[in-house]
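These notes concern the structure reproduced below.
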Ligand SMILES: Nc1ncnc2c1ncn2[C@@H]1O[C@H](COP(=O)(O)OP(=O)(O)OP(=O)(O)O)[C@@H](O)[C@H]1O
Ligand SMILES: [Mg+2]
């Protein structure tokens, strides 16, 4: 199996007016091709910073980040990944179809091929009937799905998602989680996913990376053992009610609390 992301010995320090802020220290993490890995940890522990390093939106102070065996910069130039961060980030003056088409347009894909691909993507995210609408005519969950379709437009082998479902109601959020499981299985893309929700991390992931703050470190990596039927393609709503699911939720909670009593939730974490 090839490797999607390889992070070795990464530190990140920000120089600010009030001194240096050490956001990450000693980060080692490998994400295999096709693997789904979630990052979870208290607010300020460096999850977004780590995502930005993988996405080449910022550079590590020390250590290396490789994406499919090349530097993050080269991987970005080669369009190896799609990004969907918290706010959907759609262009309000473009229709749904035109938003999804944008990366294809920017990279010179011919008009006919573009239309075919956009139709395919909108179908995949269940928005085929909304191609000609504008973002402000859609619900938050639908906008989020447009953003995911756009991130998938160029068939990236890696999808980076930073709290993409944070603003959604619980029902929509569970639906989006199921959709994402299906889409990532269909496309075979590796996913690095940031969330504050333990059950969301458990439902989606092959492994959950638990981070601790100040400076951000990897506390523990918890592999999700969800039973023989829980291959990613087979993750269904029933899983949320199974014993193995609750056991994994507990395992992640305990890793987050690192021995502290489980009654005291770290700041910024949800148990839903
Ligand atoms: N551009 C920046 N300049 C200075 N400090 C920064 C910058 N970006 C992040 N930080 C600091 O780095 C630390 C980690 O921030 P980061 O945004 O990565 O946390 P996070 O885990 O994503 O938090 P949240 O769960 O609230 O989104 C914080 O202390 C933050 O203040
Ligand atoms: Mg963040």
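Residue numbers (the UniProt record's numbering): 1 to 272. Backbone N, C-alpha and C define an ideal beta-carbon position, used for all residues, glycine too.
(message) If you reduce the DSSP assignment to three classes, tell me which class residue 136 lands in.
(response) Counted from its first residue, the chain shown places residue 136 at position 136. Helix at residue 136.
(request) State buried or exposed for residue 189, treating a residue as buried only when at least 16 other CB atoms are found within 10 Å of its CB. (result) For the purposes of this step, residue 189 is taken as residue 189 along the chain shown, with counting starting at 1. Under this definition residue 189 is a buried residue.
(request) At 3 residues or longer, and completely inside the stretch 166-217: list those beta strand (DSSP E) runs for me, N to C. (result) Correct list: 190-194, 207-212.
(message) So the candidates are 121, 83, 63; which of them puts its Cα closest to the Cα of residue 98?
(response) Start at 1 with the first residue of the chain shown, and residue 98 comes out as number 98. Closest in alpha carbon position to residue 98, among 121, 83, 63, is 121.
(message) Runs of 3 residues minimum, wholly inside the stretch 31-94: which ones carry the beta strand (DSSP E) assignment?
(response) For the stretch 31-94, the continuous beta strand (DSSP E) assignments of 3+ residues that do not extend past its boundaries occur at 36-40, 62-67, 81-85, in sequence order.
(request) With hydrogens ignored, establish whether the beta-carbon of residue 126 is closer than 6 Å to any heavy atom of ligand 1. (result) In the chain shown, residue 126 corresponds to position 126, counting from 1. Not so, every heavy atom of ligand 1 lies at least 6 Å from the Cβ.
(request) Under 7 Å from any heavy atom of ligand 2, by CB: list those residues in chain order, please. (result) In chain order, the qualifying residues are 47, 48, 162, 163, 194.
(request) Below 7 Å CB to CB, which residues in the same chain sit around residue 195 once its five sequence neighbours on both sides are set aside? (result) To locate residue 195, count along the chain shown from 1; it is residue 195. Only residues of its own chain outside the window of five on either side were considered, and among them 38, 40, 163, 201 have a CB closer than 7 Å to the CB of residue 195, listed in chain order.
(message) Checking 7 Å against the spacing of the C-beta atoms, do residue 55 and residue 83 come in under that value?
(response) Taking the first residue of the chain shown as position 1, residue 55 is located at position 55. Taking the first residue of the chain shown as position 1, residue 83 is located at position 83. Yes; because the gap between Cβ atoms is below 7 Å, this pair is in contact.
(request) Identify the continuous beta strand (DSSP E) that holds residue 13 and give its terminal residues. (result) Locating residue 13 in the chain shown gives position 13, where the first residue counts as 1. That run of the beta strand (DSSP E) goes 3-16.
(request) Please classify residue 12: is it buried, with 16 or more other beta-carbons within 10 angstroms of its beta-carbon, or exposed? (result) Residue mapping note: residue 12 aligns to position 12 of the chain shown, counting from 1. In the assembly as shown, residue 12 is a buried residue. Its beta-carbon has 16 or more other beta-carbons within 10 Å.
(message) Starting from residue 123, trace the alpha helix (DSSP H) in both directions and tell me its first and last residue.
(response) As a working mapping, residue 123 is identified with position 123 in the chain shown. Here the alpha helix (DSSP H) through residue 123 covers 111-124.
(request) Output yes or no for whether 7 Å exceeds the beta carbon distance between residue 252 and residue 208. (result) Counting from 1 along the chain shown, the entry for residue 252 is found at position 252. Counting from 1 along the chain shown, the entry for residue 208 is found at position 208. Going by C-beta atoms, residue 252 is nearer than 7 Å to residue 208.
(message) Counting beta carbon pairs with one atom in the stretch 144-152 and one in the stretch 90-110, are three or more of them shorter than 8 Å?
(response) These segments touch.
(message) ligand 4 and residue 21: does the residue's C-beta get closer than 6 Å to at least one heavy atom of that ligand?
(response) This structure lacks ligand 4; the ligands present are ligand 1 and ligand 2.
(request) Would you mind working out which of 239, 218, 115 sits nearest residue 256, comparing C-alpha positions? (result) Translated into positions along the chain shown, residue 256 becomes position 256. It is 218 whose Cα lies nearest to the Cα of residue 256.
(request) Ignore the nearest five residues each way along the sequence and tell me which others in residue 204's own chain have a CB closer than 7 Å to its CB. (result) In the chain shown, residue 204 corresponds to position 204, counting from 1. The beta carbon of residue 204 lies closer than 7 Å to those of 36, 38, 177, 180, 181, 193 in the same chain, with the five residues before and after it left out.
(request) Would you mind working out which of 33, 64, 25 sits nearest residue 45, comparing C-alpha positions? (result) Sequence index remark: in the chain shown, residue 45 carries index 45 (1-based). For the residues 33, 64, 25, the minimum Cα distance to residue 45 belongs to 25.
(request) With a threshold of 16 other CB atoms inside 10 Å of the CB of residue 243, please say whether the residue is buried or exposed. (result) What you label residue 243 is simply residue 243 of the chain shown in a count that begins at 1. For residue 243, the number of other beta carbons within 10 angstroms of its own is below 16, and it is reported as exposed.
(message) To the nearest angstrom, how far is the alpha carbon of residue 259 from that of residue 110?
(response) Taking the chain shown and counting its residues from 1, one reaches residue 259 at position 259. Taking the chain shown and counting its residues from 1, one reaches residue 110 at position 110. Its pLDDT being 46, under 50, residue 259 is placed unreliably by the model, and the measurement read from it follows with that caveat. Cα-Cα distance, rounded: 56 Å.
(message) Using a Cβ-Cβ distance cut-off of 7 Å, determine whether residue 95 contacts chain D.
(response) The structure shown contains no chain D; it holds only a single protein chain.
(message) For residue 60, count the other beta carbons within 10 Å of its own beta carbon; 16 or more makes it buried, fewer makes it exposed. Which is it?
(response) Within the chain shown, the letter at position 60 stands for residue 60. It counts as buried.
(message) I believe residue 62 touches residue 9 by the beta-carbon criterion, under 8 Å. Please report the beta-carbon distance rounded to the nearest angstrom.
(response) Indexing the chain shown from 1 puts residue 62 at position 62. Indexing the chain shown from 1 puts residue 9 at position 9. Indeed they touch by this definition, with Cβ atoms about 6 Å apart.
(message) Report the CB separation of residue 116 from residue 155 in whole angstroms; it is logged as a contact under 8 Å.
(response) Counting from one through the chain shown, the residue named residue 116 turns up at place 116. Counting from one through the chain shown, the residue named residue 155 turns up at place 155. Not a contact, Cβ separation roughly 13 Å.
(message) Can you list, in chain order, the residues of its chain with a C-beta nearer than 6 Å to that of residue 130? Leave out the 5 residues immediately preceding and following it.
(response) Here residue 130 is taken as the residue at index 130 of the chain shown, counted from 1. 96.
(request) Let me know the secondary structure DSSP gives residue 220 once reduced to three states. (result) As a first step, residue 220 is located in the chain shown; it is residue number 220 there, counting from the start. Note: residue 220 maps to strand in three-state DSSP.
(request) Could you tell me which of 161, 245, 22 sits nearest to residue 85, measuring between CA atoms? (result) Stepping through the chain shown from its first residue, residue 85 is reached at position 85. If we check each option's Cα against that of residue 85, 161 comes out closest.
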